[in-house]
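*Asks:* Under this note's numbering, the letters of the sequence shown match residues 10 to 256, in that order.
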Amino acid sequence: MVQIVAHRGSSGDRPENTLPAFAEAVRVKADIIELDVHLSKDGHLIVMHDETVDRTTNGKGRICDKTLTELKELNAGSWFSEDYAATKVPTLKEVLDLLAAKSYRGILTIELKTDHYEYQGIEKKVSELLASQSWPFTHWYCSFNVDTLDRLYAIEPQATFDFIMGKSEAKPPLALSRPYIEGIHPAYEWVKKHEEQIADYPIAIRPWTVDTEAEIRHCLAVGVTGIITNFPERVREVQRKVQEEAH
(Lines of atoms letter the chains of each structure in order from A and count residues from 1; the text may use other names and numbers.)
(Lines give C-alpha, C1' and ligand atoms only; values in the text may rest on other atoms or scores of the structure.)
Protein backbone atom coordinates (compact mmCIF):
# COMPACT_ATOMS: atom_id res chain seq x y z
CA MET A 1 0.00 0.00 0.00
CA VAL A 2 1.29 3.45 -0.94
CA GLN A 3 2.21 5.51 2.13
CA ILE A 4 0.16 8.65 2.78
CA VAL A 5 2.41 11.50 3.97
CA ALA A 6 0.59 14.42 5.64
CA HIS A 7 2.57 17.46 4.43
CA ARG A 8 2.99 19.91 7.34
CA GLY A 9 0.18 17.94 8.96
CA SER A 10 -3.25 17.87 7.35
CA SER A 11 -2.43 21.31 5.97
CA GLY A 12 -5.18 21.55 3.36
CA ASP A 13 -7.78 21.44 6.14
CA ARG A 14 -5.96 23.13 9.04
CA PRO A 15 -3.27 25.83 9.33
CA GLU A 16 0.00 24.18 8.29
CA ASN A 17 2.60 23.07 10.84
CA THR A 18 0.29 23.70 13.82
CA LEU A 19 -1.04 21.38 16.51
CA PRO A 20 -4.53 21.33 14.89
CA ALA A 21 -2.96 20.20 11.59
CA PHE A 22 -1.03 17.40 13.28
CA ALA A 23 -4.05 16.30 15.33
CA GLU A 24 -6.10 16.07 12.14
CA ALA A 25 -3.36 14.04 10.43
CA VAL A 26 -3.52 11.56 13.31
CA ARG A 27 -7.33 11.45 13.10
CA VAL A 28 -7.29 10.56 9.39
CA LYS A 29 -4.63 7.91 10.05
CA ALA A 30 -1.84 9.33 7.90
CA ASP A 31 0.93 6.75 7.61
CA ILE A 32 3.58 9.47 7.86
CA ILE A 33 3.37 13.02 9.24
CA GLU A 34 5.87 15.55 7.89
CA LEU A 35 6.96 18.79 9.54
CA ASP A 36 9.69 21.45 9.24
CA VAL A 37 12.09 22.60 11.95
CA HIS A 38 14.09 25.82 12.48
CA LEU A 39 16.03 27.28 15.42
CA SER A 40 14.88 30.38 17.28
CA LYS A 41 17.27 33.12 18.39
CA ASP A 42 17.50 31.48 21.83
CA GLY A 43 18.01 27.96 20.51
CA HIS A 44 14.51 26.44 20.59
CA LEU A 45 13.34 24.02 17.89
CA ILE A 46 10.48 25.76 16.08
CA VAL A 47 8.01 24.07 13.73
CA MET A 48 7.31 26.26 10.69
CA HIS A 49 7.97 25.97 6.97
CA ASP A 50 9.32 29.37 5.97
CA GLU A 51 12.46 31.01 7.36
CA THR A 52 10.30 34.05 8.20
CA VAL A 53 7.03 34.23 10.11
CA ASP A 54 5.40 36.60 7.60
CA ARG A 55 3.26 34.17 5.57
CA THR A 56 1.76 32.03 8.34
CA THR A 57 1.48 34.42 11.30
CA ASN A 58 0.51 38.02 12.04
CA GLY A 59 4.17 38.91 12.58
CA LYS A 60 7.17 39.78 10.43
CA GLY A 61 10.81 38.79 10.45
CA ARG A 62 13.10 35.78 10.58
CA ILE A 63 12.62 32.94 13.05
CA CYS A 64 16.34 33.05 13.86
CA ASP A 65 15.97 36.68 15.00
CA LYS A 66 13.13 35.96 17.45
CA THR A 67 13.08 34.36 20.88
CA LEU A 68 10.62 31.63 21.80
CA THR A 69 8.66 34.15 23.88
CA GLU A 70 8.34 36.46 20.87
CA LEU A 71 7.29 33.59 18.60
CA LYS A 72 4.68 32.43 21.13
CA GLU A 73 3.04 35.88 21.01
CA LEU A 74 2.16 35.36 17.34
CA ASN A 75 -1.17 34.22 15.91
CA ALA A 76 -0.40 31.23 13.66
CA GLY A 77 -3.95 30.44 12.56
CA SER A 78 -5.95 33.47 11.41
CA TRP A 79 -4.20 33.63 8.02
CA PHE A 80 -5.92 30.28 7.32
CA SER A 81 -9.24 30.86 9.10
CA GLU A 82 -10.46 32.95 12.03
CA ASP A 83 -11.53 29.63 13.60
CA TYR A 84 -7.84 29.18 14.44
CA ALA A 85 -7.12 32.65 15.84
CA ALA A 86 -5.91 31.16 19.13
CA THR A 87 -3.42 28.83 17.41
CA LYS A 88 0.22 29.35 18.36
CA VAL A 89 3.54 28.51 16.68
CA PRO A 90 4.52 25.10 18.10
CA THR A 91 7.88 23.85 19.25
CA LEU A 92 9.04 20.43 18.11
CA LYS A 93 8.64 19.15 21.69
CA GLU A 94 4.99 20.25 21.72
CA VAL A 95 4.33 18.34 18.50
CA LEU A 96 6.06 15.22 19.82
CA ASP A 97 4.01 15.42 23.02
CA LEU A 98 0.77 15.82 21.04
CA LEU A 99 1.52 12.78 18.87
CA ALA A 100 2.43 10.76 21.96
CA ALA A 101 -0.75 11.84 23.77
CA LYS A 102 -2.77 10.69 20.77
CA SER A 103 -0.84 7.38 20.66
CA TYR A 104 0.24 8.00 17.08
CA ARG A 105 2.01 4.85 15.88
CA GLY A 106 2.97 5.92 12.39
CA ILE A 107 6.11 7.72 11.22
CA LEU A 108 7.10 11.32 11.89
CA THR A 109 9.43 12.66 9.20
CA ILE A 110 11.32 15.75 10.29
CA GLU A 111 12.61 18.16 7.67
CA LEU A 112 15.50 20.23 8.94
CA LYS A 113 15.24 23.56 7.12
CA THR A 114 18.94 24.19 6.69
CA ASP A 115 18.86 24.99 2.97
CA HIS A 116 18.92 28.79 3.65
CA TYR A 117 20.46 29.01 7.14
CA GLU A 118 22.76 26.36 8.58
CA TYR A 119 21.34 26.71 12.13
CA GLN A 120 24.54 25.61 13.86
CA GLY A 121 23.95 22.50 15.97
CA ILE A 122 20.33 21.93 14.93
CA GLU A 123 20.99 18.30 14.00
CA LYS A 124 22.31 17.46 17.48
CA LYS A 125 19.43 19.29 19.18
CA VAL A 126 16.78 17.42 17.19
CA SER A 127 18.43 14.04 17.72
CA GLU A 128 18.89 14.64 21.46
CA LEU A 129 15.24 15.63 21.86
CA LEU A 130 14.08 12.47 20.13
CA ALA A 131 16.47 10.37 22.23
CA SER A 132 15.32 12.00 25.48
CA GLN A 133 12.41 9.58 25.91
CA SER A 134 10.63 6.77 24.10
CA TRP A 135 7.86 7.70 21.67
CA PRO A 136 5.06 5.51 20.26
CA PHE A 137 5.96 6.56 16.69
CA THR A 138 9.04 6.07 14.52
CA HIS A 139 10.99 9.10 13.29
CA TRP A 140 12.74 9.74 9.99
CA TYR A 141 14.77 12.68 8.73
CA CYS A 142 14.71 14.56 5.44
CA SER A 143 16.34 17.68 4.04
CA PHE A 144 17.28 19.54 0.86
CA ASN A 145 20.73 19.94 2.45
CA VAL A 146 22.79 16.77 2.12
CA ASP A 147 25.35 18.13 4.62
CA THR A 148 22.59 18.08 7.25
CA LEU A 149 21.79 14.47 6.37
CA ASP A 150 25.49 13.59 6.64
CA ARG A 151 25.65 15.18 10.10
CA LEU A 152 22.51 13.38 11.24
CA TYR A 153 23.79 10.07 9.91
CA ALA A 154 27.00 10.52 11.91
CA ILE A 155 24.90 11.05 15.06
CA GLU A 156 22.13 8.55 14.38
CA PRO A 157 23.22 5.97 11.77
CA GLN A 158 20.27 3.70 12.53
CA ALA A 159 17.71 6.32 11.41
CA THR A 160 15.99 6.51 8.01
CA PHE A 161 16.95 9.41 5.72
CA ASP A 162 15.27 10.91 2.66
CA PHE A 163 16.74 13.55 0.33
CA ILE A 164 14.39 16.28 -0.92
CA MET A 165 14.92 17.32 -4.53
CA GLY A 166 14.29 20.84 -5.73
CA LYS A 167 11.87 21.43 -8.61
CA SER A 168 14.70 22.04 -11.07
CA GLU A 169 16.65 18.85 -10.29
CA ALA A 170 16.44 16.28 -13.08
CA LYS A 171 18.38 13.56 -11.26
CA PRO A 172 19.03 12.74 -7.60
CA PRO A 173 22.83 12.22 -7.81
CA LEU A 174 23.51 13.31 -4.23
CA ALA A 175 20.98 10.85 -2.87
CA LEU A 176 22.26 7.97 -4.97
CA SER A 177 25.86 8.68 -3.92
CA ARG A 178 25.00 8.20 -0.22
CA PRO A 179 24.17 4.55 0.57
CA TYR A 180 22.40 5.55 3.79
CA ILE A 181 19.76 7.60 1.94
CA GLU A 182 16.67 5.42 1.67
CA GLY A 183 14.46 7.62 -0.50
CA ILE A 184 13.93 10.83 -2.43
CA HIS A 185 11.19 13.45 -2.35
CA PRO A 186 11.01 14.82 -5.90
CA ALA A 187 8.51 17.41 -7.08
CA TYR A 188 5.45 15.83 -8.72
CA GLU A 189 6.64 17.22 -12.08
CA TRP A 190 9.64 14.87 -11.84
CA VAL A 191 7.28 11.89 -11.55
CA LYS A 192 5.50 12.93 -14.75
CA LYS A 193 8.82 13.01 -16.62
CA HIS A 194 10.20 9.74 -15.19
CA GLU A 195 7.08 7.64 -14.72
CA GLU A 196 8.39 4.68 -16.73
CA GLN A 197 11.50 4.36 -14.53
CA ILE A 198 9.79 4.61 -11.15
CA ALA A 199 8.94 0.95 -10.64
CA ASP A 200 12.61 -0.02 -11.12
CA TYR A 201 14.13 2.82 -9.10
CA PRO A 202 16.69 1.63 -6.51
CA ILE A 203 15.35 3.84 -3.69
CA ALA A 204 11.93 4.93 -2.43
CA ILE A 205 10.11 7.75 -4.24
CA ARG A 206 7.74 10.01 -2.32
CA PRO A 207 6.73 12.99 -4.51
CA TRP A 208 5.43 16.36 -3.32
CA THR A 209 2.89 17.94 -3.31
CA VAL A 210 0.15 15.69 -4.69
CA ASP A 211 -3.34 17.08 -4.00
CA THR A 212 -5.78 16.61 -6.89
CA GLU A 213 -7.57 13.33 -7.58
CA ALA A 214 -5.92 13.12 -11.02
CA GLU A 215 -2.43 13.54 -9.52
CA ILE A 216 -3.16 11.01 -6.78
CA ARG A 217 -4.45 8.46 -9.30
CA HIS A 218 -1.39 9.00 -11.48
CA CYS A 219 1.01 8.44 -8.57
CA LEU A 220 -0.85 5.29 -7.53
CA ALA A 221 -0.71 3.99 -11.11
CA VAL A 222 3.03 4.49 -11.62
CA GLY A 223 4.00 2.87 -8.33
CA VAL A 224 5.48 5.55 -6.10
CA THR A 225 6.37 4.53 -2.54
CA GLY A 226 4.48 7.35 -0.87
CA ILE A 227 2.40 10.43 -1.67
CA ILE A 228 3.21 13.71 0.08
CA THR A 229 -0.06 15.64 0.26
CA ASN A 230 -1.83 18.52 1.98
CA PHE A 231 -5.01 16.39 1.94
CA PRO A 232 -4.24 12.98 3.48
CA GLU A 233 -7.92 12.08 3.88
CA ARG A 234 -8.49 12.73 0.16
CA VAL A 235 -5.63 10.39 -0.77
CA ARG A 236 -7.16 7.70 1.44
CA GLU A 237 -10.53 8.15 -0.31
CA VAL A 238 -8.96 7.94 -3.78
CA GLN A 239 -7.06 4.81 -2.73
CA ARG A 240 -10.36 3.22 -1.71
CA LYS A 241 -11.99 4.19 -5.00
CA VAL A 242 -9.11 2.76 -7.04
CA GLN A 243 -9.27 -0.51 -5.09
CA GLU A 244 -13.04 -0.77 -5.59
CA GLU A 245 -12.68 -0.09 -9.32
CA ALA A 246 -10.15 -2.93 -9.57
CA HIS A 247 -12.66 -5.49 -8.24
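Just so you know, even glycine gets a beta-carbon here, dropped at the ideal spot from N, CA and C.
Assuming S152 is part of the beta strand (DSSP E), what are its boundary residues?
*Replies:* Where S152 is concerned, the enclosing beta strand (DSSP E) stretches over T147 to S152.
*Asks:* On the DSSP letters alone, give me the boundaries of the beta strand (DSSP E) that D171 sits inside.
*Replies:* Note, D171: beta strand (DSSP E), T169 to I173.
*Asks:* Comparing C-alpha positions only, which one of K102, G115 and V155 sits nearest to S136?
*Replies:* For the residues K102, G115 and V155, the minimum Cα distance to S136 belongs to K102.
*Asks:* Hey, out of V37, T27 and P188, whose CA is closest to R243's CA?
*Replies:* Ranking V37, T27 and P188 by Cα distance to R243 puts V37 first.
*Asks:* Using only alpha-carbon positions, find the residue among L158, A140, M57 and V104 that is nearest to N84.
*Replies:* When only C-alpha atoms are compared, the closest one is M57.
*Asks:* Rounding to the nearest angstrom, what Cα-Cα distance links E254 and H125 in this structure?
*Replies:* Approximately 45 Å, taken between the alpha carbons.
*Asks:* Select from W149, G175, K176 and L185 the residue whose C-alpha is nearest the C-alpha of T169.
*Replies:* Considering only alpha carbons, the answer is W149.
*Asks:* Would you mind stating whether I212 and V231 have Cβ atoms separated by less than 8 Å?
*Replies:* No, the pair does not count as a contact, with Cβ atoms beyond the cut-off.
*Asks:* Taking one C-beta from the region 86 to 100 and one from the region 42 to 58 each time, how about it: are there three or more such pairs within less than 8 Å?
*Replies:* Contact holds: three or more Cβ-Cβ distances are below 8 Å.
*Asks:* Excluding the five sequence neighbours on either side, which residues of its own chain have a C-beta within less than 7 Å of the C-beta of K133, listed in chain order?
*Replies:* Counting only Cβ-Cβ distances below 7 Å, and skipping sequence neighbours, we find I164.
*Asks:* Which residues bound the alpha helix (DSSP H) around V104?
*Replies:* Taken as a continuous stretch (DSSP letters only), the alpha helix (DSSP H) holding V104 covers L101 to A110.
*Asks:* Taking Cβ to Cβ, would you say N26 is nearer than 8 Å to L44?
*Replies:* The answer is yes: Cβ separation under 8 Å.
*Asks:* Determine whether the beta carbon atoms of K75 and K111 lie at a separation below 8 Å.
*Replies:* Taking 8 Å as the Cβ cut-off, K75 and K111 do not qualify as a contacting pair.
*Asks:* From this set, D106, D159, S143 and H203, which residue's C-alpha is nearest L121's C-alpha?
*Replies:* Taking only the C-alpha atoms, the option nearest L121 is D159.
*Asks:* Specify, as a first and last residue, the run of the alpha helix (DSSP H) that D45 falls within.
*Replies:* Here D45 belongs to no alpha helix (DSSP H); instead the beta strand (DSSP E) covers I41 to L48.
*Asks:* Considering only C-alpha positions, which residue in the set E79, S20, E204 and P188 is nearest to P195?
*Replies:* When only C-alpha atoms are compared, the closest one is E204.
*Asks:* Mark H256 as exposed unless 16 or more other C-beta atoms lie within 10 angstroms of its C-beta, in which case mark it buried.
*Replies:* Flag for H256 reads exposed.
*Asks:* Which first and last residues belong to the alpha helix (DSSP H) in which V251 is found?
*Replies:* P241 to A255 is the extent of the alpha helix (DSSP H) around V251.
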